[in-house]
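The next block holds one structure in the form of structure tokens; read it before the comments.
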Amino acid sequence: MSKYFRRKLFIYVLTFFLAVTIDWLIPRFMPGNPIQVLIARANLKAESAKVVYSYYMRAFGLDVPIWNQYANFWNALFHGDFGTSLWLFPQPVIKIILRAVPYDILLLLPAILLSWFAGNKFGAFAARSKWLDNTVSPLGYVLTATPYMWLGMLLAWTFGIVLRVLPFSGAYSYALMPTLSWIFIWSLLEHWILPFVSLFMVMFGGWAIGMRNMIIYELEADYSHYLETLGAPRRLIRRYAFRNALLPQITGLALQLGVIVAGALVTEIVFSYPGIGYLILQAIQNHDYFLLQGCFLFVIIGVLLANLAIDVTYVLVDPRTRTGMQGER
Amino acid sequence: MWSRTRLVLCMLLAVSVILGLTGGLVLGQAFPRNETLYTGGKQWGPVSNWNPFMAGNQAMGTIGLCYETLFLYDPLTDQFIPWLAESGKWLSSTVYELKVRQGVKWSDGQPLTAADVKFTFDLGKTAALNITSLWDWLDNIVQVGDYYLEFHFKQALYQEWANNLYNIAIVPQHIWASRNATTVSTGANENPIGSGPYLFFAVDQVKMVWVRNDNWWAKTALGKSVAPKYIVDLVNTSNENSLGLVLQGQEDLNNNYLPGISTLLLGGYALHTYFPGAPYHLAANTAWLDINLQKKPMGDVNFRKALAYAINVADIVSRDYGNMVQAANATGLLPTWDKYVDQAVINSLGTSYDPVKAKQTLTAAGYKDVNGDGFVEAPDGSKIALKIIVPNGWSDWMAAIQIISSNAQAVGINVQPNYPDFNGYLDARLNGTFDLAIDNQQQISNTPWSYYHFIFYDKLADIPSTQGGNYGRYNNPTAFALVSQLDKVPTSDLAGMKAVISQIQTIQLTDLPIIPLWYNGMWAQMSTAYWTGWPSSADGDAHYLPVTWNGYWNMTSILMLCNLTAK
Amino acid sequence: MTQQKKRREFAYFALRNNKLRIGVAIVFLFMVLALVGPWLTHYKPREFVAPGAQHPSSQFWMGTTSLGEDVFTQFVYGLRATFIVGLLGGGLGTLIGILIGFVAGYRGGMVDELLNMFTNIVLVIPSLVVLLIIAAYLEVRGFLFESLFIGFFAWPWAARAIRAQTFSLRSREFVDLARLSGMKPLRTIVTEIAPNMMSYLLLVFILQFGGAILTAATLDFIGLGPTNAVSLGLMMNNAVIWGALILGMWWWFIPPGLAITAIVGALYVTNVGLDEVFNPKLREM
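Protein chains in written order, with the working numbering: chain L, 1 to 329; chain W, 1001 to 1567; chain D, 2001 to 2285.
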């Protein structure tokens, strides 16, 4: 078991190293000069722009050799220094990201966990009879095939614009400052509902379909038939099937994380929800590659941590891995 | 394992914990609607600094609401309004006298004196600031007493100096003196101490809140006071979002270009614009076509002429903009600079939409379709295939270059629209690798000199780092000399200015280094749901600029705030 | 003979399977529309043909955009782009998945270890974010580029699944037999293992196809899709930029999303239908 974890951990460390390198590499070898963008936005007088230009090149450490920039990057990283944002100059990148992270957690954690639980329950439920399967499954297919942003747009349009019952942009009312008060919490909740629901529904569809298909496989597996011939009650067989089907669904969660992150990104864009996804879009549009790097690293770290958590869960749930089976077959 | 009961129990527990934690909370307070002005349109990202020297990305109102300038400039009447200065005048050809207003206090209670003004200008000597270049021609500043200054110039650039008078914000010496050069030029300057009518109140990711400074000097000195207690400036998260906020009356003043709003202005919504009918908005800057003169065939003036004849600007104005903009004058000078336009020059040299003439011009210059593909080839037989660029996502411009491309194709010039991202667009212009591009970088100001300085920017080799303009690399020492000469004409000498400008215009229209297209508007959608007294063109209404962008508060927008009344 | 019988059996069940029939019918319908659509309209997708913001009418079947472009024309051209990216991106993803899956599963040992590690790394890196970064720095992008990107990051789960299948097939008698008779590994994979997994590979391809369409739509929506082109994702992007939601121009943003949902949903249903056809155990349901 410890060997299993050691191997996993090794892969994660390697991934992290590679990701950081890619992260550093890509923007640096792409055309265009971010300092020029910064100057362009400042709308300076031509005579002063020249002075400011050379000042910024020094300030962002872009005037040293490439290898040196790479070393500096790692060094700064270990000191928790992600550099300074170009778009929101002179704010440090880490500060900008830390402001956005709570919204991501608020949105993603409940959406992922609740959709996983509900989807699995529902999928197992659907597999129970032909009638249920024919009504529930198509809904699942439609949901899981829906692009995140489109569902978001539909919800925003229906509830925010046509019916005008829910706000469709931002994380809380523009008339409020964040305070620990009922009115603020209520506002937070109100603005959270639509993005949450659109994320939840698409993911829910996927888990329900996955579970439904797994259960059908399990019910047709030899052990189920064997149990059936032994005269075991259907309830018992279903429970075994459910538990066996749950394992691939846990692995599935790890596999899906990348897609979920993407979905969260576009959902945040549709609802102008101030999380990391929204930051990434802004960083791209404003060519703020320091902020983009920071966001990317945070996403990587988040995904790696989630993977680790899923691995631990898997080991706890699956007796086979506990007795020393390595990796998944 | 994940039994339903356990799940329910967990949720109950979570809910009760939250309830327990928040049980003692008081009811929060929102900004009272009738005392709050919601604005939007300046901020394209969370507020990151309040540094009056960091033009471009400082918080909305940093200059204007918090820090103030010596004068205000009113482009509609071409008047300078004394603000922190009581008066100013040229004592001789190289000495400018400035009297600082007495009784002005910083928001921390300290008096604002001539020492602060001198200190602010002196900062340009040590730190890399927008005013650094001023010291190339400013020699020294002499302070006499607490409220009197003399600026001694090596060489007086009158036009530029007048521009500085309403653009440089004065900062308090007692706070800034201890800062090093880096902090001065790039520090965030949190909790700014200014002299203006508003104080910093709060900031979060989507907005910045200013609160009224009840001890503002203009109350006693000018009998003016600003109406809104709070100004909440909202970050533009998207056009979609801004449009929604405007239509739902959540934003009182919006300064975005909102596509599709022209139809909405007509019906149902409590929206107000400066003009009741087209073009609805005042003109803020000129959009023109940059032409890369280093490349063939754009180096040929006849080709440029043909292109100018080919473009149907009226179509762009009506279809792309829904008549929310006006077609530009052949010189590209803004309507506020009408008096500088030499109509005789336009009559003899100006170009306007005329596809027949475009074709004639091409044929006469030897451009004809040799290979029969429907597009002309250059006189030397080489193929012509040009790209016209605007940044991706700038939807109105994207539509405009589609129209321009089809106009050009209609007369036989192969032009294709292309939308690189902003970085690519900027790079192509700065390094001179583009063919054709739309540009509008020069804003309204007190003098046409700023416009000509940009179009005829003379330091061609420095363009990539200074971004000084002239991206098509037009090279004509005579024109450059005339622009420098214009800078040295006193602002009071209208006839002298006109004489120089007329010569510049003759060169401009003969050589056509750029093609002026239309005037981008000072987009201002004002909602009458909560506030009235908005500026408008109607007689009896206040004629101020209703704009929150950088550099506009000091062009009379601040006076708009004094004129508002809550409903 | 058995092979032929098996094939006939598949055909019999395939024709009777409702999921398969519905799924294939929907995909086919949209494919036909994508093929003949451009002939049904006399406009170009980015051409201004009418006053802006027209409701759907007999002249403009899906109305017009704010700029006066015909939404129907954009829609059919966008469908084409969707299928092209789906086929290319999904195809490439499947191909890489097959290659890595087969080699890892058949070779085992050190090769498997290394490939597995590589797979895991690509799997963990959120592909869309990488795509975003790369796409953000490319000035001119085409459908081919987009498809390549999508393909290069979509293969890991396919490789994993194929590896597992190859693993179990490898120990079957007929593979052992081939190996004992001195057949080269590549030949063994191509002649013995691949045919036995054909049905499985088809399923993988269909899922990759659907996935590529969704990824492309996401990229286009963020504005990082092909420049100077029309696609369903880009239509939604434009609709949002021009405030179609607020202005109530539902005809602009509903069709593209609906088409993507229908196509991808139909592909998924087809996938399950085919699974039932290939897997006799599932047929009873």
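Where a beta carbon is used, it is the ideal one built from N, C-alpha and C, also for glycine.
(message) Here's a check: name, in chain order, each residue in its chain whose Cβ is nearer than 8 Å to the Cβ of LEU1129/W, leaving out the five neighbours to either side.
(response) Here residue 1129/W corresponds to residue number 129 of the second sequence, with the count starting at 1. Counting only residues of its own chain and dropping the five nearest sequence neighbours on each side, LEU1129/W has a CB closer than 8 Å to the CB of PHE1053, LEU1123, VAL1184, SER1185.
(request) Within the same chain, show all residues whose beta-carbon is closer than 7 Å to that of THR1510/W, passing over the 5 residues directly before and after it, in chain order. (result) Against the second sequence, residue 1510/W aligns to sequence position 510. For THR1510/W, where only same-chain residues beyond five positions count, the Cβ hits under 7 Å are LEU1349.
(request) Spatial neighbours of THR1022/W within its chain, please: CB distance less than 6 Å, with the 5 preceding and 5 following residues excluded, ordered by chain position. (result) As a working mapping, residue 1022/W is identified with position 22 in the second sequence. Unreliable positioning characterises THR1022/W in this predicted model, as indicated by a pLDDT of 47, which lies under 50. The coordinate reading is nonetheless provided below. Taking THR1022/W as the centre and dropping the five residues before and after it, the same chain places no C-beta closer than 6 Å to its C-beta.
(message) Judging by CA-CA distance, which residue of ILE1403/W, ALA1410/W, ALA1365/W, VAL1415/W is the nearest neighbour of LYS1387/W?
(response) Taking the first residue of the second sequence as position 1, residue 1387/W is located at position 387. Of ILE1403/W, ALA1410/W, ALA1365/W, VAL1415/W, the residue nearest in Cα terms is VAL1415/W.
(message) Check whether chain L comes within 8 Å of ILE2246/D, counting only Cβ atoms and requiring the distance to be less than that.
(response) Here residue 2246/D corresponds to residue number 246 of the third sequence, with the count starting at 1. Interface residue, yes.
(message) I want to verify the contact list: residues of chain W whose CB lies under 7 Å from the CB of ILE112/L, in sequence order.
(response) The residue labelled residue 112/L in the question sits at position 112 within the first sequence. Those do not exist, as ILE112/L stays about 15 Å from chain W at its closest Cβ, beyond 7 Å.
(request) Could you give the DSSP three-state label for PHE2028/D: helix, strand or coil? (result) Locating residue 2028/D in the third sequence gives position 28, counting from the first residue. The answer is helix: DSSP assigns PHE2028/D an H, G or I state.
(message) How far does the alpha helix (DSSP H) with ASN1407/W in it extend, from its first residue to its last?
(response) By one-based count along the second sequence, residue 1407/W stands at place 407. In the DSSP assignment, ASN1407/W falls within the unbroken alpha helix (DSSP H) covering 1395–1410.
(message) Run through the DSSP bridge pairs and tell me what TRP1210/W is partnered with.
(response) The residue labelled residue 1210/W in the question sits at position 210 within the second sequence. Checking the DSSP bridge columns, you'll see TRP1210/W partnered with PHE1200/W, ILE1231/W.
(request) Taking C-beta pairs closer than 7 Å, name the residues in chain W that TRP87/L reaches, listed in chain order. (result) As a first step, residue 87/L is located in the first sequence; it is residue number 87 there, counting from the start. The contacting residues are GLY1045.
(request) Kindly identify the DSSP beta-bridge partner or partners of ALA1538/W. (result) Reading the second sequence from its first residue, position 538 is the one you call residue 1538/W. BP columns for ALA1538/W are empty, so no partner.
(message) List, in chain order, every chain D residue whose beta-carbon is nearer than 9 Å to that of ARG1319/W.
(response) By 1-based counting over the second sequence, the position of residue 1319/W is 319. Within chain D, the residues near ARG1319/W are PHE2048, PRO2051, GLY2052, LEU2067, GLY2068.
(request) Could you name the residues of chain W that LYS45/L contacts, counting a contact when the two beta carbons are closer than 8 Å? (result) Here residue 45/L refers to the residue found at position 45 of the first sequence. The contact set of LYS45/L on chain W, defined by CB atoms closer than 8 Å, consists of ASN1130, SER1133 in chain order.
(message) Is there a C-beta anywhere in chain L that falls below 8 Å from the one on PHE1434/W?
(response) Residue 1434/W sits at position 434 when you count from the first residue of the second sequence. No Cβ of chain L is located within less than 8 Å of the beta carbon of PHE1434/W.
(request) With DSSP as the reference, label HIS2055/D as helix, strand or coil. (result) The residue given as residue 2055/D occupies position 55 in the third sequence. DSSP places HIS2055/D in coil when its eight states are reduced to three.
(message) Is there a Cβ of chain L sitting closer than 8 Å to that of TRP2252/D, yes or no?
(response) Your numbering for residue 2252/D matches position 252 in the third sequence. No, TRP2252/D lies away from the interface with chain L (no Cβ there is under 8 Å from its Cβ).
(message) Once the 5 residues before and after SER1178/W are set aside, which same chain residues still bring their CB inside 6 Å of it?
(response) The residue labelled residue 1178/W in the question sits at position 178 within the second sequence. A distance below 6 Å between beta-carbons, with the five flanking residues on each side excluded, links SER1178/W to no residue of its chain.
(request) Label LEU1305/W either buried or exposed according to how many other C-beta atoms from any shown protein chain fall within 10 Å of its C-beta, with 16 as the threshold for buried. (result) For this step, residue 1305/W is matched to residue 305 along the second sequence. The question names Leu, but residue 1305/W in the sequence shown is Lys. A residue is called buried once 16 or more other Cβ atoms fall within 10 Å of its Cβ, and LYS1305/W is buried on that count.
(request) Using only the heavy atoms of the ligand MG, determine whether one of them is closer than 7 Å to the beta carbon of LEU2267/D. (result) In the structure shown, the ligand MG is absent, as is every other ligand, since no ligand is present at all.
(request) Using the DSSP secondary-structure output, state which residues sit across from TRP1288/W in a beta bridge. (result) Translated into positions along the second sequence, residue 1288/W becomes position 288. Its beta-bridge partners are ASP1439/W, PRO1516/W.
(message) Starting from LEU1386/W, trace the beta strand (DSSP E) in both directions and tell me its first and last residue.
(response) Position 386 of the second sequence, counted from the first residue, corresponds to residue 1386/W. Note, LEU1386/W: beta strand (DSSP E), 1386–1389.
(request) Whole angstroms is fine: what's the gap from PRO1192/W's alpha carbon to PRO1172/W's? (result) Along the second sequence, one-based indexing puts residue 1192/W at 192. Along the second sequence, one-based indexing puts residue 1172/W at 172. Take the alpha-carbon of PRO1192/W and the one of PRO1172/W: they are about 10 Å apart.
(request) Below 7 Å between beta carbons is the criterion; list the residues of the region 1382–1413 of chain W that meet it against any residue of chain D, in chain order. (result) When CB distances to chain D are screened at a threshold of 7 Å, the residues of the region 1382–1413 of chain W falling below it are ASN1392, GLY1393, SER1395, ALA1399, GLN1402, in chain order.
(message) If the cut-off is 8 Å on Cβ atoms, which residues from the region 75–106 of chain L count as contacting chain D, listed in chain order?
(response) Interface annotation for the region 75–106 of chain L against chain D: empty, criterion Cβ-Cβ distance under 8 Å.
(request) May I ask you to verify whether the region 1453–1463 of chain W touches the region 1477–1496 of chain W, counting CB pairs closer than 8 Å and requiring at least 3? (result) Touching, yes, given that three or more Cβ pairs across the two stretches are closer than 8 Å.
(message) Taking 8 Å as the threshold (beta carbon to beta carbon), is GLY2223/D in contact with chain W?
(response) Position 223 of the third sequence, counting from 1, holds the residue named residue 2223/D. With 8 Å as the cut-off, GLY2223/D counts as an interface residue toward chain W.
(message) Would you say LEU1243/W lies against chain D (beta-carbon separation less than 8 Å)?
(response) As a working mapping, residue 1243/W is identified with position 243 in the second sequence. For LEU1243/W, the answer is yes, since a Cβ of chain D falls inside 8 Å of its Cβ.
(message) Quick check on GLU268/L: buried or exposed, where buried means 16 or more other Cβ atoms within 10 Å of its Cβ?
(response) Position 268 of the first sequence, counted from the start, is the residue given in the question as residue 268/L. It counts as buried.
(request) From the DSSP output, read off the bridge partner residues of GLU1150/W. (result) If you number the second sequence from 1, residue 1150/W lands on position 150. As a beta-bridge residue in DSSP terms, GLU1150/W pairs with GLU1097/W, VAL1142/W.
(request) Starting from GLY2210/D, follow the alpha helix (DSSP H) in both directions and report where the run begins and ends. (result) Counted from its first residue, the third sequence places residue 2210/D at position 210. First-last of the alpha helix (DSSP H) with GLY2210/D: 2194–2222.
(message) Using the three-state DSSP reduction, which class does HIS287/L fall into: helix, strand or coil?
(response) As a first step, residue 287/L is located in the first sequence; it is residue number 287 there, counting from the start. HIS287/L falls in the coil class under three-state DSSP.
(request) Under 7 Å Cβ to Cβ from PRO1297/W, same chain only, skipping five residues before and after it: list those, please. (result) Looking up residue 1297/W in the second sequence gives position 297. PHE1303, ALA1378, ILE1384.
(request) Decide if TRP74/L is buried, meaning its Cβ has at least 16 other Cβ atoms within 10 Å, or exposed. (result) Sequence index remark: in the first sequence, residue 74/L carries index 74 (1-based). TRP74/L should be labelled exposed.
(message) Under DSSP, the alpha helix (DSSP H) around VAL266/L begins and ends at which residues?
(response) Taking the first residue of the first sequence as 1, we reach residue 266/L at position 266. VAL266/L: member of the alpha helix (DSSP H) spanning 234–270, first to last residue.
(message) Quick check on LEU176/L - is its C-beta less than 8 Å from some C-beta in chain B?
(response) Among the protein chains in the structure shown, which are L, W and D, there is no chain B.
(request) Quick one: residues in its chain with C-beta nearer than 8 Å to the C-beta of ASP965/W, no 5 flanking neighbours on either side, listed in chain order? (result) This structure cannot speak to residue 965/W, because chain W is shown only from 1001 to 1567.
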